[in-house]
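Participant: So that we are looking at the same thing, I have put the structure below in structure tokens.
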Amino acid sequence: MKIGKATVPRTSISTSNEDTIVVRGEDLCKDLIGKISFTDYFHLLVTGSRPTAAATAVLDATLVAIAEHGLVPSVQASRMTLAAAPDALQGAVAAGILGCGSVILGASETAGRLFIEVEERAKAGGDIDAAALAVLQDYRAARKAIPGYGHPLHKARDPRVERLFAVAREKGANLNYIAIAEAIERQIPQVIGKDLRLNVSAAIPAVLLGIGFPLLALKGVPILARTAGLIAHLTEELEQSIGFALSYQATRELQYDGELPAGFAATHS
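Take 35 as the starting number for the sequence shown in this note's numbering and just add one per residue.
Here's what the structure looks like:
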């Protein structure tokens with residue numbers, strides 16, 4: 035049974051013969067290995083073209099910004115998985131990456147879609163503040179969360195935001211989406227009645243869309259970056275395991291509120 039439009043599998047990313055490996059039209063060994071940074075290679079793999087100097091700087095900055103932020107839930111899941119299965123590094127990395135969702139790391143793509151909506155509304159008529167207000171009101175009416183704004187720790191702007199914006203400005207990237215991101219930030223109090231400041235998940239699409247990075251690949255940037263952070267945590271976990279300590283701490287505050295059989299007595303430590 036045929037599902038989908040394609041009948042012949044095609045790719046423009048890579049091919050090879052017995053002598054040469056081709057990646058995006060370039061000879062891997064002659065043109066790329068030792069001659070291109072991993073950041074530039076990632077850009078080439080995703081987009082099919084080598085980045086401009088501005089794109090290299092911005093993409094590299096985003097990867098550095100999001101690679102590590104302490105014992106967040108995805109990192110804890112990863113370390114606990116490795117503690118339970120120390121021979122399965124790949125499983126532990128996967129456990130951490132599976133935690134990249136709408137709350138942790140996954141908001142970059144949805145924030146990027148929000149910025150595109152505001153951009154299209156502004157093109158239809160009106161300035162970006164009016165467009166931002168209209169789109170936010172639509173989100174509010176639909177009970178949709180506003181992705182990329184607010185942070186449980188950083189109550190003012192996430193400090194990574196200003197640095198990413200500064201890199202984009204210094205390197206001459208397109209700043210249109212930064213302007214849209216800031217317009218949304220200005221209009222949020224009018225819609226929900228309180229300040230929600232930009233966090234890094236909104237800063238990433240604001241700078242990456244400005245260098246022409248594909249909207250559909252935005253979620254991949256924090257996933258790639260956090261993989262590096264996870265490998266660092268898992269290397270440390272193999273040397274100094276805290277996975278079980280994290281699970282013990284989780285159960286220490288646990289309160290059971292379900293039914294109990296007759297005669298059951300809780301064990302007190």
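The beta carbon of each residue, even a glycine, is placed where N, CA and C say it ideally should be.
From T96, A95, A99 and L132, pick the residue whose C-alpha is nearest to that of S112; which is it?
Facilitator: Residue 112 sits at position 78 when you count from the first residue of the sequence shown. Nearest option by C-alpha distance: L132.
Participant: Give a yes or no on contact between the stretch 146 to 156 and the stretch 114 to 133, applying the rule of three or more CB pairs nearer than 8 Å.
Facilitator: no
Participant: With a threshold of 8 Å on Cβ separation, who are the neighbours of D357 within its own chain once the five nearest residues in sequence on each side are excluded?
Facilitator: As shown, the chain starts at 35 and ends at 303. That puts residue 357 outside it, with no answer to give.
Participant: Would you say L230 and Y282 are within 8 Å of each other, going by their C-beta atoms?
Facilitator: Here residue 230 is taken as the residue at index 196 of the sequence shown, counted from 1. Here residue 282 is taken as the residue at index 248 of the sequence shown, counted from 1. No. Outside cutoff.
Participant: Could you give the residue range of the alpha helix (DSSP H) that holds V225?
Facilitator: Here residue 225 corresponds to residue number 191 of the sequence shown, with the count starting at 1. Here the alpha helix (DSSP H) through V225 covers N210 to I226.
Participant: Using the Cα positions of Q221 and R155, report the straight-line distance between them to the nearest angstrom.
Facilitator: What you label residue 221 is simply residue 187 of the sequence shown in a count that begins at 1. What you label residue 155 is simply residue 121 of the sequence shown in a count that begins at 1. Spanning the two alpha carbons is a distance of roughly 15 Å.
Participant: Who are the near neighbours of F278 in its chain, counting only those whose CB is closer than 6 Å to its CB and skipping five residues on each side?
Facilitator: Walking along the sequence shown from the start, residue 278 turns up at place 244. A117, listed in sequence order.
Participant: Just mark Y211 as buried or exposed, buried being the case when its beta carbon has 16 or more other beta carbons within 10 Å.
Facilitator: By 1-based counting over the sequence shown, the position of residue 211 is 177. Buried, since its Cβ has 16 or more Cβ neighbours within 10 Å.
Participant: If you measure between the beta carbons of V255 and T96, is that distance less than 8 Å?
Facilitator: Translated into the one-based positions of the sequence shown, residue 255 becomes position 221. Translated into the one-based positions of the sequence shown, residue 96 becomes position 62. It is a contact, given that the beta carbons lie within the stated cut-off.
Participant: Pick helix, strand or coil for V137, following the three-state DSSP scheme.
Facilitator: As a position in the sequence shown, residue 137 is number 103, starting the count at 1. In the structure shown, V137 sits in coil (DSSP, three-state: anything other than H, G, I, E or B).
Participant: According to DSSP, is T54 helix, strand or coil?
Facilitator: The count along the sequence shown starts at 1 and reaches residue 54 at position 20. It is coil, neither helix nor strand.
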